[in-house]
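Student:
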Amino acid sequence: MSRESQSERDEAFPAFVGARSRALLGTAYLLTGDHGLAEDLLQTALTKTYLAWGRIRDRDALEAYVRQTMITTHVSSWRRRWRGETPTETLPESTYDSPTSASDERARIYPHLRALPVRQRAVVVLRYYEDLPEAEIARLLGCSPGTVKSQAHRALATLRERLGDETERELTQGGAS
Amino acid sequence: MTSSLESRLADELRHEAERVGELPGLAERVVARAHVVRRRRALTAAAVSGLAVVVLFVAFVGGGLSNTSTLPPAHKTPHPSASATLSESLRQLPQGTPPDVDYIVGRQAHLGGSTHMLPSGWIVQRLLRAGDRWVVTAQVGDPEGREAVATVTKQGDVVVLGYAGAGLAVDPSGRYIAWGSASSDASPTYRLTEYDVTTNSVVAGRTLGQPARVVGWAKEGVIALNNAGSGGSPVVWDPQADTLTKVWGGSGAGPTFVAYSRSHHLWVLLDQKSGCGVVLSRVGGTVAAKGCTNRLKDPYTLTPLASFFADDHLLAVASVSMHSVRIFDAQLADTGDAHPIPAGTVALQIVPTTGVHLLVLVMGISDRSPHVLGCVGNGPCERLLDGSLGEQVVLAGP
Chain A
0 MSRESQSERD EAFPAFVGAR SRALLGTAYL LTGDHGLAED LLQTALTKTY LAWGRIRDRD
60 ALEAYVRQTM ITTHVSSWRR RWRGETPTET LPESTYDSPT SASDERARIY PHLRALPVRQ
120 RAVVVLRYYE DLPEAEIARL LGCSPGTVKS QAHRALATLR ERLGDETERE LTQGGAS
Chain B
0 MTSSLESRLA DELRHEAERV GELPGLAERV VARAHVVRRR RALTAAAVSG LAVVVLFVAF
60 VGGGLSNTST LPPAHKTPHP SASATLSESL RQLPQGTPPD VDYIVGRQAH LGGSTHMLPS
120 GWIVQRLLRA GDRWVVTAQV GDPEGREAVA TVTKQGDVVV LGYAGAGLAV DPSGRYIAWG
180 SASSDASPTY RLTEYDVTTN SVVAGRTLGQ PARVVGWAKE GVIALNNAGS GGSPVVWDPQ
240 ADTLTKVWGG SGAGPTFVAY SRSHHLWVLL DQKSGCGVVL SRVGGTVAAK GCTNRLKDPY
300 TLTPLASFFA DDHLLAVASV SMHSVRIFDA QLADTGDAHP IPAGTVALQI VPTTGVHLLV
360 LVMGISDRSP HVLGCVGNGP CERLLDGSLG EQVVLAGP
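Chains as they are written, first to last, in numbering that gives the first Met the number 0: chain A, 0 to 176; chain B, 0 to 397.
Here it is as structure tokens:
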């Protein structure tokens with residue numbers, strides 16, 4: 000990398016991280032479902048971006064590059080990594096009334112989302128959070144648009160089923176009390 | 000076409016994503032990590048090319064060499080020494096003697112006045128004293144990406160106890176240690192383990208449905224952060240009674256930071272999103288102090304390593320953007336005391352000592368190497384130890 004390019008990177012990279020890291024961390028968190036893993040994933044993607052700086056000609060494509068790196072890294076390495084997913088037993092109830100408890104009703108989908116297989120969850124995040132078209136999601140995940148469509152369909156069906164079960168259980172318990 | 004489920008999903012994803020906080024000093028940490036990666040790549044490339052030369056040479060000489068011949072010792076790629084690229088701010092610091100705590104530089108462990116080499120390929124992440132020995136977590140090239148938990152004696156004997164990856168703590172007596180781990184199958188289970196280092200046996204275990212990271216050991220039991228939820232709520236696991244008690248929920252909006260004093264009797268819990276915190280003297284006990292400060296929200300590196308909490312209610316935390324380690328009192332008010340650390344460095348670990356007020360492990364951005372600084376009062380720090388490019392340095396924590 001030329002001296003000019005290094006100098007440009009030393010100025011532009013911290014500015015880019017400062018401006019976009021929070022949004023990218025949000026995506027990483029939705030992908031991993033865990034703060035620590037999200038930070039690690041973002042750091043890994045940014046490190047790869049920093050090292051590949053000289054090859055990224057279009058500075059406007061930086062964010063897309065980081066996002067693609069996050070997704071590729073997450074999807075390809077999830078089997079090898081320690082990961083925070085699929086809760087099967089909850090920890091004890093809080094002794095503190097969290098201000099967010101008021102939004103519990105609204106937050107019911109998220110635990111089920113975290114339990115989805117990693118590729119289905121990635122499809123859901125890219126489709127419903129990043130609002131990307133199927134073709135772009137397919138490119139990011141390295142699969143066909145048809146696969147994206149079927150993964151999204153399965154993910155929504157699973158969520159509907161689990162939400163339905165939960166509602167039925169609550170109704171049953173409510174009726175018994 | 001958009002169903003109510005899809006619309007709820009989009010809303011909820013936005014809501015969850017907004018709950019993440021800023022990551023202060025992220026760019027500096029990424030740049031430092033990139034330099035380490037680049038250095039490792041260069042070393043690997045040099046080793047591979049060196050090996051290729053040897054293989055070609057052996058092939059060329061053919062039967063002239065016996066089966067017992069060995070490869071020549073690995074050579075190091077020439078690289079600029081730490082001092083050649085040391086930043087001006089680091090270069091200006093006076094040099095002192097090596098730190099008066101136990102520490103590991105690369106594979107070289109300086110423990111209790113003895114020096115031993117740890118097994119090849121180990122990259123130590125944590126070092127804690129456990130009675131008459133030390134306990135470490137280290138990356139050992141495990142295909143699952145787990146870290147080994149091992150004890151090291153003063154004589155240099157290394158015993159691998161298990162595999163972790165989710166924190167490590169030592170009980171107040173130094174006899175028991177605890178760590179968190181996760182199975183690597185498709186539906187992972189998460190486990191807390193208590194181990195007796197004097198009998199070399201597992202004493203207790205607890206399986207969880209959610210990941211939890213061990214961050215300390217109060218007198219009531221093992222402190223773990225439930226890091227599955229975005230709030231990262233702290234819980235205490237009592238291994239003998241096998242009970243889990245949730246301690247404090249914070250605002251529920253951001254990660255919680257937990258630090259406990261060296262006597263294991265006091266804890267401080269901070270909600271990193273709100274900057275509010277409490278000091279507790281026991282689980283379920285009265286709050287000894289509480290307060291909020293915006294000054295703790297963003298510019299500080301709130302990690303267990305880059306901070307410490309003392310029995311006199313003083314909390315020291317590293318500030319990345321302000322190039323200092325600042326001291327807060329129990330009410331979380333800034334006392335104004337600050338130890339400046341050189342510009343162009345990122346603080347990775349803070350350790351209190353008797354000899355100097357604070358030891359601060361920093362990573363130099365320009366020379367890409369770790370340095371241990373000794374800081375007394377508000378004066379400039381001394382440079383006590385310079386690590387090499389890409390080398391890992393770990394100080395024994397309290």
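Think of the CB as a built atom: it goes at the ideal place given N, C-alpha and C, for glycine as much as any other residue.
(1) Determine the burial state of A/Ala-44: buried for a count of at least 16 other Cβ atoms within 10 Å of its Cβ, exposed for fewer.
(2) Nearest CA to the CA of B/Trp-236: which residue from B/Leu-279, B/Thr-150, B/Ala-177?
(3) Straight-line CA distance for A/Ala-106 to B/Glu-11?
(4) Exposed or buried, which one is B/Gly-378 when buried takes at least 16 other CB atoms within 10 Å?
(5) Which of the three DSSP states is assigned to A/Pro-144 in this structure?
(6) With contact counted as at least three CB pairs below 8 Å, one residue from each stretch, are the stretch 156-165 of chain A and the stretch 51-67 of chain A in contact?
(7) For B/Pro-341, does the count of other Cβ atoms within 10 angstroms reach 16, so buried, or fall short, so exposed?
(8) Checking contacts by CB at 8 Å: is A/Ile-108 closer than that to chain B?
(9) Got a sec: which bits of the stretch 13-26 of chain A sit with their beta carbon under 9 Å from any beta carbon on chain B, in order along the chain?
(10) Would A/Glu-10 be called buried (16 or more neighbouring beta carbons within 10 Å of its own) or exposed?
(11) With which residues is A/Ala-18 paired in a DSSP beta bridge?
(12) Do you know whose CA, among B/Val-345, B/Val-350, B/Cys-374, lies nearest B/Asp-336's CA?
(13) In the DSSP assignment, find the unbroken alpha helix (DSSP H) run with A/Arg-120 in it and report its ends.
(14) Give me the DSSP bridge partner(s) of B/Pro-369.
(15) Put A/Leu-131 into one of helix, strand or coil per three-state DSSP.
(16) Relative to the alpha-carbon of A/Val-122, which residue among A/Val-65, A/Thr-31, A/Phe-12, A/Leu-50 has its alpha-carbon at the smallest distance?
(17) Using only alpha-carbon positions, find the residue among B/Ser-368, B/Leu-360, B/Ser-6 that is nearest to B/Ala-395.
(18) In angstroms with no decimal places, state the Cα-to-Cα distance between A/Gly-17 and B/Ser-3.
(19) Contact criterion: CB-CB distance below 8 Å. Does A/Glu-135 meet it with respect to chain B?
(20) Might you give, ordered along the chain, the residues of its own chain that have their beta carbon closer than 6 Å to the beta carbon of B/Ser-113, omitting 5 neighbours on each side?
(21) Taking Cβ positions only, does B/Ala-137 come closer than 8 Å to chain A?
(22) With burial defined as no fewer than 16 other Cβ atoms inside 10 Å of the residue's Cβ, what is the status of B/Met-362: buried or exposed?
(23) Considering B/Gln-394, what are the terminal residues of the beta strand (DSSP E) in which it resides?
(24) Am I right that B/Gly-166 and B/Arg-212 are in contact with their C-beta atoms under 8 Å? What's the rounded C-beta distance?
(25) Listed in chain order, which residues of the stretch 34-68 of chain A have Cβ atoms closer than 9 Å to some Cβ of chain B?
Tutor: Taking the structure as given:
(1) Position 45 of the first sequence holds residue 44 of chain A. Buried.
(2) For the purposes of this step, residue 236 of chain B is identified with residue 237 of the second sequence, where counting begins at 1. The option with the nearest alpha carbon to B/Trp-236 is B/Ala-177.
(3) Position 107 of the first sequence, counted from the start, is the residue given in the question as residue 106 of chain A. Position 12 of the second sequence, counted from the start, is the residue given in the question as residue 11 of chain B. Residue placement at A/Ala-106 is flagged as unreliable, the pLDDT there being 47, under the threshold of 50; the coordinate-derived value follows with that caveat. C-alpha separation (whole angstroms): 7 Å.
(4) As a working mapping, residue 378 of chain B is identified with position 379 in the second sequence. With fewer than 16 Cβ atoms within 10 Å of its Cβ, B/Gly-378 is classed as exposed.
(5) For the purposes of this step, residue 144 of chain A is identified with residue 145 of the first sequence, where counting begins at 1. Annotated three-state conformation of A/Pro-144 is helix, per DSSP.
(6) no
(7) In the second sequence, residue 341 of chain B corresponds to position 342, counting from 1. Looking at its Cβ environment, which holds 16 or more other Cβ atoms inside 10 Å, B/Pro-341 is buried.
(8) Taking the first residue of the first sequence as 1, we reach residue 108 of chain A at position 109. Judged by the 8 Å Cβ criterion, A/Ile-108 is in contact with chain B.
(9) Residues Pro-13, Ala-14, Phe-15, Val-16, Gly-17, Ser-20, Arg-21, Ala-22, Leu-24, Gly-25, Thr-26.
(10) Numbered from its first residue, the first sequence carries residue 10 of chain A at position 11. Taking all protein chains in view, the Cβ of A/Glu-10 is surrounded by fewer than 16 other Cβ atoms within 10 Å, so the residue is classified as exposed.
(11) Translated into positions along the first sequence, residue 18 of chain A becomes position 19. Bridge partners of A/Ala-18: none, in fact.
(12) Along the second sequence, one-based indexing puts residue 336 of chain B at 337. Looking only at B/Val-345, B/Val-350, B/Cys-374, the smallest Cα-Cα distance to B/Asp-336 is reached by B/Cys-374.
(13) Locating residue 120 of chain A in the first sequence gives position 121, counting from the first residue. That run of the alpha helix (DSSP H) goes 117-123.
(14) Counted from its first residue, the second sequence places residue 369 of chain B at position 370. Within the DSSP secondary-structure output, B/Pro-369 pairs in a beta bridge with B/Met-362.
(15) Position 132 of the first sequence, counted from the start, is the residue given in the question as residue 131 of chain A. Looking at A/Leu-131 - three-state DSSP - the assignment turns out to be coil, as it is neither helix nor strand.
(16) The residue labelled residue 122 of chain A in the question sits at position 123 within the first sequence. Comparing Cα-Cα distances from A/Val-122 to each of A/Val-65, A/Thr-31, A/Phe-12, A/Leu-50, the minimum goes to A/Thr-31.
(17) To locate residue 395 of chain B, count along the second sequence from 1; it is residue 396. Of B/Ser-368, B/Leu-360, B/Ser-6, the residue nearest in Cα terms is B/Leu-360.
(18) Counted from its first residue, the first sequence places residue 17 of chain A at position 18. Counted from its first residue, the second sequence places residue 3 of chain B at position 4. For A/Gly-17 and B/Ser-3, the distance between alpha carbons rounds to 35 Å.
(19) Stepping through the first sequence from its first residue, residue 135 of chain A is reached at position 136. With 8 Å as the cut-off, A/Glu-135 does not count as an interface residue toward chain B.
(20) The residue you call residue 113 of chain B lines up with position 114 of the second sequence. Answer for B/Ser-113: Lys-153, listed in chain order.
(21) Looking up residue 137 of chain B in the second sequence gives position 138. No, no contact with chain A.
(22) As a first step, residue 362 of chain B must be located in the second sequence, where it is residue number 363. Its Cβ being crowded by 16 or more others within 10 Å, B/Met-362 is buried.
(23) In the second sequence, the residue the question calls residue 394 of chain B occupies position 395. The identity of residue 394 of chain B in the sequence shown is Leu, whereas the question assumes Gln. Unbroken beta strand (DSSP E) run through B/Leu-394: 392-394.
(24) For the purposes of this step, residue 166 of chain B is taken as residue 167 along the second sequence, with counting starting at 1. For the purposes of this step, residue 212 of chain B is taken as residue 213 along the second sequence, with counting starting at 1. The beta-carbon distance between B/Gly-166 and B/Arg-212, rounded to whole angstroms, is 4 Å. This is short enough to meet the 8 Å contact definition.
(25) His-34, Gly-35, Leu-36, Ala-37, Glu-38, Leu-41, Gln-42, Thr-43, Leu-45, Thr-46, Lys-47, Thr-48, Tyr-49, Leu-50
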